[in-house]
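Asker: Each residue of the sequence shown is one higher than the one before, counting from 1 in full-length UniProt numbering.
Positions of the beta carbon are idealized from the N, C-alpha and C atoms, including for glycine.
These figures come from a predicted structure and were not determined experimentally.
Pasting in a structure now, in structure tokens, and then I'll have a few things to ask.
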Amino acid sequence: MPLFPMRKTVITETGAPSVRFIEIGSEQAGQRVDNFLIRLCKGVPKSHVYKAIRGGEVRVNKGRVTADYRLDEGDTLRIPPMRLPAPDQARVVPPAVFPIVFEDDALLVIDKPAGVAVHGGSGVSFGVIEQLRAARPDAAFLELAHRLDRETSGLLLIAKRRKALLALHDMMREGAGRKHYQALVVGDWVNDKQHLRQPLLKWLTASGERRVKVDALGKAAHTIITLKQRYGAYSLLGAELRTGRTHQIRVHLAASGHPIVGDDKYGRDEVRARFASLGFGRMFLHACRLELPHPLTGEPMVFEAELPPACTQILHHLERNS
Numbered sequence: 001m002p003l004f005p006m007r008k009t010v011i012t013e014t015g016a017p018s019v020r021f022i023e024i025g026s027e028q029a030g031q032r033v034d035n036f037l038i039r040l041c042k043g044v045p046k047s048h049v050y051k052a053i054r055g056g057e058v059r060v061n062k063g064r065v066t067a068d069y070r071l072d073e074g075d076t077l078r079i080p081p082m083r084l085p086a087p088d089q090a091r092v093v094p095p096a097v098f099p100i101v102f103e104d105d106a107l108l109v110i111d112k113p114a115g116v117a118v119h120g121g122s123g124v125s126f127g128v129i130e131q132l133r134a135a136r137p138d139a140a141f142l143e144l145a146h147r148l149d150r151e152t153s154g155l156l157l158i159a160k161r162r163k164a165l166l167a168l169h170d171m172m173r174e175g176a177g178r179k180h181y182q183a184l185v186v187g188d189w190v191n192d193k194q195h196l197r198q199p200l201l202k203w204l205t206a207s208g209e210r211r212v213k214v215d216a217l218g219k220a221a222h223t224i225i226t227l228k229q230r231y232g233a234y235s236l237l238g239a240e241l242r243t244g245r246t247h248q249i250r251v252h253l254a255a256s257g258h259p260i261v262g263d264d265k266y267g268r269d270e271v272r273a274r275f276a277s278l279g280f281g282r283m284f285l286h287a288c289r290l291e292l293p294h295p296l297t298g299e300p301m302v303f304e305a306e307l308p309p310a311c312t313q314i315l316h317h318l319e320r321n322s
């Protein structure tokens, strides 16, 4: 059955789109109406979508709604005329295929490369999720179950069913899963195992850039650090997230005096320049292992992603020269 079984927008010879109505199914239920429209109306500026919602042109069951309204199964959504890209216009989001670690009818696990955002926004027109949707136009549902920073590589969970997405979100809130990372940091890390529990607070720079800092007014955060190997002036660490705060590993390590190599927000410019001269132009943070029960069956699952070649090569260089 197609994702949207009701009438589609029709573009006339003059380019004028028509009103359309969509009946919400079980896989769409629970989504915010703004997010649903932004995904559905590809090519329409977000500002137009929000203007249509504020103006009452978007209606659910004939009534006005706000942008944060969550759709229910059986709702009838009215979508006003919105000018979409012409059928022969070049695709805005290029499809992409990412290394698949695991896939079934509920879950997709990929090995995300560094340098790719997980979603569009903040100056990025598209990311992994938009490219996956473009590559899988027949997929009924694809949503990120969690986030990775753009420069972080490794395991990324994508839900293929809404029930799976909600279950994954519940697991992460309750700490049912385990996320393990590897990071190369500046300095000689002393302890074999250490718990970092500094609270973290989000703030904005003068230019509007989002940052995070250790602050007593921040939210509780817990990272478990284990020493993997020393390389003289650098150390390879394992990091297990027990909470999922923004930039948590990066800020905890920087606050401890051991910033991650290549980190352009919390690291050291001279270190980043030195590694760039060696051909290593990324942040050394990799999501290497995920342990969690299957979101629908409860079966225990373990996923692993090896360090990318660029990371292993720089470790070999450090080992030869430490």
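Which residue marks the beginning of the alpha helix (DSSP H) containing leucine 166, and which one marks its end?
Answerer: What you label residue 166 is simply residue 166 of the sequence shown in a count that begins at 1. 162-174 is the extent of the alpha helix (DSSP H) around leucine 166.
Asker: Between Lys112, Ala96, Arg245, which has its C-alpha nearest phenylalanine 102's C-alpha?
Answerer: In the sequence shown, residue 102 corresponds to position 102, counting from 1. Taking only the C-alpha atoms, the option nearest phenylalanine 102 is Lys112.
Asker: Would you tell me roughly how many angstroms separate the C-alpha atoms of phenylalanine 280 and valine 33, rounded to the nearest one?
Answerer: For the purposes of this step, residue 280 is taken as the residue at position 280 of the sequence shown. For the purposes of this step, residue 33 is taken as the residue at position 33 of the sequence shown. Each residue's Cα considered, the two are about 42 Å apart.
Asker: Based on the DSSP output, what are the partners of arginine 59 in its beta bridges?
Answerer: Start at 1 with the first residue of the sequence shown, and residue 59 comes out as number 59. In the DSSP output, where bridge partners are listed per residue, arginine 59 has Arg64, Arg78.
Asker: Around the Cβ of proline 45, are there at least 16 other Cβ atoms within 10 angstroms (buried) or fewer (exposed)?
Answerer: As a working mapping, residue 45 is identified with position 45 in the sequence shown. Proline 45 is exposed by the Cβ-count criterion.
Asker: Please report the residue range of the alpha helix (DSSP H) in which histidine 130 lies.
Answerer: Taking the first residue of the sequence shown as position 1, residue 130 is located at position 130. The sequence given here has glutamate at residue 130, not histidine. Segment 128-135, the alpha helix (DSSP H) holding glutamate 130.
Asker: Should the region 245-260 be called in touch with the region 295-313, which here means at least 3 C-beta pairs below 8 Å?
Answerer: The region 245-260, when compared against the region 295-313, does not touch it at the 8 Å Cβ threshold.
Asker: Do alanine 114 and threonine 152 come within 8 Å of each other at the CB atom, strictly closer than that value?
Answerer: Residue 152 sits at position 152 when you count from the first residue of the sequence shown. Residue 114 sits at position 114 when you count from the first residue of the sequence shown. In contact: threonine 152 and alanine 114 (Cβ atoms closer than 8 Å).
Asker: Taking the alpha-carbon positions, what's the arginine 250 to isoleucine 158 distance?
Answerer: The count along the sequence shown starts at 1 and reaches residue 250 at position 250. The count along the sequence shown starts at 1 and reaches residue 158 at position 158. Taking the straight line joining both Cα atoms gives about 23 Å.
Asker: Is DSSP giving glutamate 151 helix, strand or coil here?
Answerer: Locating residue 151 in the sequence shown gives position 151, where the first residue counts as 1. Coil, per DSSP.
Asker: Tell whether a beta-carbon distance below 8 Å holds between phenylalanine 303 and leucine 290.
Answerer: Position 303 of the sequence shown, counting from 1, holds the residue named residue 303. Position 290 of the sequence shown, counting from 1, holds the residue named residue 290. Cβ atoms of phenylalanine 303 and leucine 290: closer than 8 Å.
Asker: Quick one: using the 10 Å Cβ neighbour count with 16 as the cut-off for buried, is histidine 316 buried or exposed?
Answerer: By one-based count along the sequence shown, residue 316 stands at place 316. By the neighbour-count rule (16 or more Cβ atoms within 10 Å), histidine 316 is not buried but exposed.
Asker: Decide yes or no for the touch test of the region 268-279 against the region 213-225: beta carbon pairs closer than 8 Å, at least 3 of them.
Answerer: Contact fails: fewer than three Cβ-Cβ distances are below 8 Å.
Asker: Can you tell me where the beta strand (DSSP E) with lysine 213 in it begins and where it stops?
Answerer: Taking the first residue of the sequence shown as position 1, residue 213 is located at position 213. It spans 210-214 - the beta strand (DSSP E) in which lysine 213 sits, taken as one unbroken run.
Asker: I'd like the ranges of any beta strand (DSSP E) spanning at least 3 consecutive residues and lying wholly in the region 263-321.
Answerer: Segments of the beta strand (DSSP E) lying fully in the region 263-321: 285-293, 300-304.
Asker: Less than 8 Å separating the beta-carbons of valine 58 and isoleucine 79?
Answerer: For the purposes of this step, residue 58 is taken as the residue at position 58 of the sequence shown. For the purposes of this step, residue 79 is taken as the residue at position 79 of the sequence shown. Result yes, Cβ atoms of valine 58 and isoleucine 79 sit closer than 8 Å.
Asker: Within a Cβ cutoff of 8 Å, which residues of the same chain sit near isoleucine 135, ignoring the five residues on either side of it in sequence?
Answerer: Working through the sequence shown from its first residue, we reach residue 135 at position 135. Contrary to the premise, residue 135 reads as alanine rather than isoleucine in this sequence. Excluding residues within five positions, the ones whose Cβ falls inside 8 Å are Pro95, Ala96, Val97.
Asker: According to DSSP, simplified to helix, strand and coil, what is alanine 140?
Answerer: Position 140 of the sequence shown, counted from the start, is the residue given in the question as residue 140. Residue state, collapsed to three classes: coil.
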